[in-house]
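S.K.: First, the structure itself, so that you have it in front of you.
Laid out in structure tokens, this is it:
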């Protein structure tokens, strides 16, 4: 009889899962890991939602926990066919999304708090990486012997990449070249989390805020929308924006506009 824990492990082994996502899955099923999957029905799901609400969690947090469970079951149901249905479908209805607000701050602010000489911070500043993508790079992921020097962002033994659009080649901004020699390569999958906490102590917000910052700066620099999305690892909205192949040389040329 398949348990919830066994289902989660099977799904995690079926396709690459980022360490942060896997931790989220593990946390979401905490308390019913040993429950047989066949006993997780609509009644149980409704009880779980009510339980989380009654504990006083924010609606955005409840959405996240239920959403993680829904993803596990959906992959097990639709792709792997090891469960009969997805009882979590529809469980997010009526729950408000939470949205963090990050300040748009100039580079001079981060210089004042001592971040602008750190290769991880500046790597995010010029390229919009998720912190785990950058912190867990290996030396062979930095390709300098190429007409368009770039980072190769794909799964490795240290960490997985979030989704397919996140698996990409990111051109190296010319202003970042001086940081590569002292890049802090790390084999700890939690290196990104550690740096994000360090950064928050320094500047008041986590590393993810830099992705919001660079999106604004890319617009101001006139970088074409679908190319900007390709650089930071997003799916561009709209069907037209998703047509065609974004060439590395085009990304390289456009990224150099960024200040």
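Numbering (my numbering), first residue to last: 1 to 259. Just so you know, even glycine gets a beta-carbon here, dropped at the ideal spot from N, CA and C.
What does DSSP give as the partner residue(s) for residue 152 in the beta ladder?
M.R.: As a first step, residue 152 must be located in the chain shown, where it is residue number 152. 169.
S.K.: Taking only three categories from DSSP, how would you classify residue 307?
M.R.: For the chain, the structure presents residues 1 to 259; residue 307 sits outside this window and is missing.
S.K.: When the Cα of residue 90 is compared with those of 79, 73, 83 and 82, which residue comes out closest?
M.R.: Position 90 of the chain shown, counting from 1, holds the residue named residue 90. It is 73 whose Cα lies nearest to the Cα of residue 90.
S.K.: In the DSSP assignment, find the unbroken alpha helix (DSSP H) run with residue 64 in it and report its ends.
M.R.: Numbered from its first residue, the chain shown carries residue 64 at position 64. Element bounds for residue 64: 59-74.
S.K.: Is it the case that the Cβ atoms of residue 60 and residue 97 are separated by a distance below 8 Å?
M.R.: As a first step, residue 60 must be located in the chain shown, where it is residue number 60. As a first step, residue 97 must be located in the chain shown, where it is residue number 97. It is a contact, given that the beta carbons lie within the stated cut-off.
S.K.: Take every Cβ of the region 101-116, pair it with every Cβ of the region 155-170, and state whether three or more of those distances are shorter than 8 Å.
M.R.: no
S.K.: Candidates 2, 248 and 12: which alpha carbon is nearest residue 162's?
M.R.: Translated into the one-based positions of the chain shown, residue 162 becomes position 162. When each option's Cα is compared against that of residue 162, the closest is 12.
S.K.: What are the boundary residues of the alpha helix (DSSP H) that includes residue 112?
M.R.: Looking up residue 112 in the chain shown gives position 112. Here the alpha helix (DSSP H) through residue 112 covers 107-112.
S.K.: Which stretch, first to last residue, makes up the alpha helix (DSSP H) that contains residue 256?
M.R.: Residue numbering aside, residue 256 sits at position 256 when the chain shown is read from its first letter. No alpha helix (DSSP H) contains residue 256, which DSSP labels as neither H nor E.
S.K.: Beta carbon of residue 136, beta carbon of residue 189: below 8 Å?
M.R.: Position 136 of the chain shown, counted from the first residue, corresponds to residue 136. Position 189 of the chain shown, counted from the first residue, corresponds to residue 189. It is a contact, given that the beta carbons lie within the stated cut-off.
S.K.: Is it buried or exposed for residue 50, if we count other Cβ within 10 angstroms and need 16 for buried?
M.R.: Within the chain shown, numbered from 1, the residue matching residue 50 stands at position 50. Under this definition residue 50 is an exposed residue.
S.K.: Quick one: any contact between the region 127-144 and the region 166-178, if contact means 3 or more CB pairs under 8 Å?
M.R.: Output reads yes: the region 166-178 touches the region 127-144.
S.K.: Looking at residue 131 and residue 87, is the spacing between their C-beta atoms short of 8 Å?
M.R.: Taking the chain shown and counting its residues from 1, the one referred to as residue 87 is at position 87. Taking the chain shown and counting its residues from 1, the one referred to as residue 131 is at position 131. Result no, Cβ atoms of residue 87 and residue 131 do not sit closer than 8 Å.
S.K.: Given that a residue counts as buried once 16 or more other Cβ atoms are within 10 Å of its Cβ, and exposed if not, what is residue 251?
M.R.: The sequence position of residue 251 within the chain shown is 251, counting from 1. By the 10 Å Cβ count, residue 251 comes out buried.
S.K.: Measuring only the C-alpha atoms, how far is residue 16 from residue 224?
M.R.: Walking along the chain shown from the start, residue 16 turns up at place 16. Walking along the chain shown from the start, residue 224 turns up at place 224. Computed Cα separation, rounded: 30 Å.
S.K.: So, helix, strand or coil for residue 116, using DSSP?
M.R.: Numbered from its first residue, the chain shown carries residue 116 at position 116. Note: residue 116 maps to coil in three-state DSSP.
S.K.: Please list, in chain order, all residues of the same chain as residue 199 whose beta carbon is under 7 Å from its beta carbon, the five residues on each side excluded.
M.R.: Residue numbering aside, residue 199 sits at position 199 when the chain shown is read from its first letter. Result list for residue 199: 115, 121, 206 and 207, in chain order.
S.K.: For the putative contact between residue 4 and residue 40, defined by C-beta atoms under 8 Å, what is the C-beta separation to the nearest angstrom?
M.R.: For this step, residue 4 is matched to residue 4 along the chain shown. For this step, residue 40 is matched to residue 40 along the chain shown. Indeed they touch by this definition, with Cβ atoms about 7 Å apart.
S.K.: Kindly indicate which three-state DSSP category residue 142 falls into: helix, strand or coil?
M.R.: One-based indexing of the chain shown puts residue 142 at position 142. DSSP places residue 142 in strand when its eight states are reduced to three.
S.K.: Below 8 Å CB to CB, which residues in the same chain sit around residue 42 once its five sequence neighbours on both sides are set aside?
M.R.: Working through the chain shown from its first residue, we reach residue 42 at position 42. By the criterion of a C-beta distance shorter than 8 Å, residue 42 is surrounded in its chain by 87, once the five residues flanking it on both sides are discounted.
S.K.: Using DSSP with H/G/I as helix, E/B as strand and the rest coil, what is residue 19?
M.R.: Residue mapping note: residue 19 aligns to position 19 of the chain shown, counting from 1. Here residue 19 sits in helix by DSSP.
S.K.: Could you check if residue 1 is buried or exposed, using at least 16 other CB atoms within 10 Å of its CB as the buried criterion?
M.R.: Counted from its first residue, the chain shown places residue 1 at position 1. Per the 10 Å Cβ criterion, exposed.
S.K.: Please name the residue, chosen from 160, 164 and 168, that lies closest to residue 151 on a Cα-to-Cα basis.
M.R.: Working through the chain shown from its first residue, we reach residue 151 at position 151. Taking only the C-alpha atoms, the option nearest residue 151 is 168.
S.K.: Per DSSP, residue 36 forms a beta bridge with which residues?
M.R.: Start at 1 with the first residue of the chain shown, and residue 36 comes out as number 36. DSSP, once it has assigned bridges, lists 3 as partnering residue 36.
S.K.: So, using beta-carbon positions, are residue 187 and residue 104 closer together than 8 Å?
M.R.: Working through the chain shown from its first residue, we reach residue 187 at position 187. Working through the chain shown from its first residue, we reach residue 104 at position 104. For residue 187 and residue 104, no; Cβs fall outside 8 Å.
S.K.: With distance defined between alpha-carbon atoms, name the residue in 258, 27 and 253 nearest to residue 149.
M.R.: Looking up residue 149 in the chain shown gives position 149. Ranking 258, 27 and 253 by Cα distance to residue 149 puts 253 first.
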